[in-house]
Amino acid sequence: MKAVLSMSISADLLKWYDQHHRRLPWRANPGEKPTPYHVWISEIMLQQTTVPTVIDYFNRFIQKWPSIKHLATASLDDVLHAWQGLGYYSRARNLHKCAQVIASDYGGEIPKEEKELIKLPGIGPYTAAAISAIAYDIPAPVVDGNIERILSRLYTLDTPPKQVKNKLTAYMNTLVPKKRPGDFVQSLMDLGSSVCTPNNPICVTCPIQPYCQAHSKNTVNKYPVKPEKKEKPTKHAYVFLLFNNENKVLLEKRPAKGLLGGMIGFPTSKWSTTEPCVKDLKSSTGKNLVITQNKIKHTFTHFHLFLTIVTGETKKHPSGFYAHPNEYVEFAIPTLMKKVWEKFKAAE
Ligand code: SF4
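The numbering used here numbers the first residue of the sequence shown as 189 and each following residue consecutively.
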């Protein structure tokens, strides 16, 4: 790609950004210095979650833990609790671990360089580039979902973006200007959210329309090319609502590693690709068990999960604890478990 063309695209985008940038709580205005801590928290929250949802979480989080030092000394349970509802809880666990590493090994300062950032818990190549560019104004080739879409259309890429990551990074390397690289990256993010949207992009107002190959060929709807869809597998399990004689329900803390690690929930049988059976009931710590007709479906990134609710009474339980459902708000309960309780209450 010709350098002059890249410079024109960058210049036009920055001009557009100066007038149309979104105001977001973690973001500095054009020309101002951002707070690296805010950029990092927002980037982690924005993985898998939309901007409107993140705003409230971000504000509450920063109010509670205004600096890395505060976050590093918080308890993991408190952090998971503040994360409740955002999903993908490994992000919260890594965030907490990362704050501790930055506090102890980096004097509380988030590193600037991608190669250093990428060593930290929960920071992959995309997040490292985003922090480097947005927080420190270093020209780094950031490629998120919005940017993938824009580049696919701009250069009519005939392969699904995830399969040509190196190519996209190379395009970004030629586009990111030496001056204001952070604003440039954010201009693409904003363009993707308000103009070059997944459906019905508003090409008529787009500042890079003169350079866009998909627009000039009238093939915008073809891009980005979609990968072949793979069917998600389905898993099944029993979920046990086991009451004690005070009508409290047994809860347990899930193992620290794995899906919903460290979160509080009702016990379940093993999640398996086959329907649960009598042997799965035997492994429970309950008695007088009744398999109900109530099932809930929950979809994770890689599979669907069907949980069948089983009610009963508890036997002695070594590691769990009992709580009245009204107390659930005190714990880091994932959405999946809330769905179970709501389904049970609705069927009562
Ligand atoms: S012209 Fe249309 S398709 Fe091309 S980048 Fe702009 S909004 Fe996207």
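Glycine is no exception: its CB is placed at the ideal position from the N, C-alpha and C atoms.
1) Report yes if the CB atom of A323 is closer than 8 Å to the CB atom of V437, and no otherwise.
2) So, L310 versus R279, is the Cβ gap smaller than 8 Å?
3) Report yes if the CB atom of K475 is closer than 8 Å to the CB atom of E501, and no otherwise.
4) Under 8 Å, with one C-beta from each stretch per pair, do the stretch 209-217 and the stretch 236-247 reach the 3-pair mark?
5) How many Å lie between Q207 and L356 at the Cα?
6) Taking the runs of the alpha helix (DSSP H) that are 4 residues or longer, which of them lie wholly in the stretch 247-313?
7) On the three-pair Cβ rule with 8 Å, is the stretch 367-380 touching the stretch 329-339?
8) To the nearest angstrom, how far is it from the Cα of T238 to the Cα of T480?
9) For the beta strand (DSSP E) holding E440, just list the boundary residues, first then last.
10) Whose C-alpha, out of Y314, V373, H258, K300, is nearest the C-alpha of A291?
11) With DSSP collapsed to three states, give me the class of F519.
12) Residues near ligand 1, CB to any non-hydrogen atom under 6 Å, in chain order?
13) Buried or exposed, going by whether 16 or more other CB atoms sit within 10 Å of the CB of F509?
14) Run through DSSP, which three-state label would F494 get?
15) Taking all protein chains shown into account, decide if P369 is buried (16 or more other Cβ within 10 angstroms of its Cβ) or exposed.
16) Between the Cα of F494 and those of K504, K503, N482, spot the shortest distance and give me the residue it belongs to.
17) Leaving aside the five residues before and after L202 along the sequence, list all residues of the same chain whose C-beta is less than 7 Å from its C-beta, in chain order.
18) Could you spell out the range, first to last residue, of the alpha helix (DSSP H) harbouring V392?
19) Hey, could you find the ends of the alpha helix (DSSP H) Y225 is sitting in?
20) According to the Cβ coordinates, are H486 and K527 closer than 8 Å?
21) Rounded to the nearest angstrom, what separates E302 and P329 at their Cα positions?
22) Give a yes or no on contact between the stretch 224-233 and the stretch 262-269, applying the rule of three or more CB pairs nearer than 8 Å.
In short, the structure shows the following:
1) Against a cut-off of 8 Å, the Cβ pair of V437 and A323 comes out as no contact.
2) Rather than Leu, the amino acid found at residue 310 in this sequence is Gly. Closer than 8 Å, so yes.
3) It is a contact, given that the beta carbons lie within the stated cut-off.
4) Pairwise C-beta distances place the stretch 209-217 in contact with the stretch 236-247, as three or more of them are shorter than 8 Å.
5) Those two C-alpha atoms are separated by around 27 Å.
6) Taking only runs of at least 4 residues, the alpha helix (DSSP H) segments lying wholly in the stretch 247-313 are 256-261, 264-271, 278-293, 302-305.
7) With three or more CB-CB distances shorter than 8 Å, the stretch 367-380 counts as touching the stretch 329-339.
8) Distance between the alpha carbons of T238 and T480: 36 Å.
9) E440 -> beta strand (DSSP E) spans 437-441.
10) Distances from the CA of A291 to each of Y314, V373, H258, K300 were compared; the closest alpha carbon is that of H258.
11) Under the three-state reduction of DSSP output, F519 falls in the coil class, being neither helix nor strand.
12) That query returns the following residues: I338, R341, L342, V383, C384, P389, C391, C394, I396, Q397, C400, A402, H403, V408.
13) So F509 ends up on the exposed side.
14) Reduced to three states, the DSSP call for F494 is strand.
15) Here P369 is buried, its C-beta having at least 16 other C-beta atoms within 10 Å.
16) F494 has its Cα closest to that of N482, out of K504, K503, N482.
17) Non-local C-beta neighbours of L202 in its own chain, meaning closer than 7 Å and more than five positions away in sequence, comprise R368, D371, F372, S375, ordered along the chain.
18) Taken as a continuous stretch (DSSP letters only), V392 belongs to no alpha helix (DSSP H), as it is neither H nor E.
19) Start and end: 224-234.
20) Pairing H486 with K527 gives a Cβ-Cβ distance under 8 Å.
21) Taking the straight line joining both Cα atoms gives about 10 Å.
22) No: the two stretches stay apart, fewer than three of their Cβ pairs being nearer than 8 Å.
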